[in-house]
Structure formats: C-alpha cells, structure tokens
Amino acid sequence: MDNNVCVGACFSYSIPRTEPTAPGEVAPYCDSCQPSTVTWKHITLNCGEDKEPLIKRVEFIEDCSCLTCRHVETKINAEVVVPEVTTVDVPQLLNLMSQPKGNTSSQPSPSTAAHNKHNYK
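Numbering (this note's numbering), first residue to last: 1 to 121.
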C-alpha cells in the first residue's frame, strides 16, 4: 500500500518570556510540516488462513503544508509532551528526504521554509 509522509522545515521562533508577562510581549510562534489534505480508508489485513481478517482505518496523506503547531494539538486532542532531544530518528528522516521515488514538493505557503511530501511503501 502506497502512502506519503510529510517531512520538512517551517518558520518558528521562541523568545525567552518574562513573568509577569508584559503588555505587548512577543509570544512564541510555531509552524510545522503537517498533512493538509488526508483521506481515511478501511484496509483489510489477511494475516493467515486460520486467523480472522483485521480491519484497520488508515490515514492517507495527499498533501502537506506548513500549519500552526496548535493545529496539531487540536487534531490530536491530547496533552502535548515535548520529547528530549535525540538524534536517533534524524538519519531515518534524512533518508526519506533523499529518496527520489515519489518525492514531490508541495506548493509553499507564505510561512514555508521547506516541506515535502514523500511516498513510502
């Protein structure tokens, strides 16, 4: 089954805050490369002759855009936990970005630095 992932860099900044907050203080801003157009499909997985088929609802990414990070929080509807910095996943993401097959660049939005939709199997 073919699908896509969104990988890229978008405009973000964070300025140290003060307490109490001063009027007009600049708030942090965050955009991230996220799915902007998706469809959901039911996929049937046949795992063997003796087992019942497993039906999964799968999100298929059609397009990616730089969207506000708060948009992700709203979609997930869960507490956002910032993970510790790690380099474990970085090489895997870099490999996705270097794959020529299915690598199509989305039309950039005004706040876009760079984001791409990548096909994977």
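Glycine included, each C-beta is placed from N, C-alpha and C at the ideal position.
For lysine 56, the enclosing beta strand (DSSP E) covers residues 54 to 68. In the three-state scheme derived from DSSP, where H, G and I count as helix and E and B as strand, serine 36 is classed as strand. In this structure the segment 60 to 71 touches the segment 29 to 37; the number of beta carbon pairs closer than 8 Å is three or more. In the structure shown, the three-state DSSP call for glycine 8 is strand. DSSP, reduced to helix, strand and coil, places isoleucine 43 within a strand of the structure shown.
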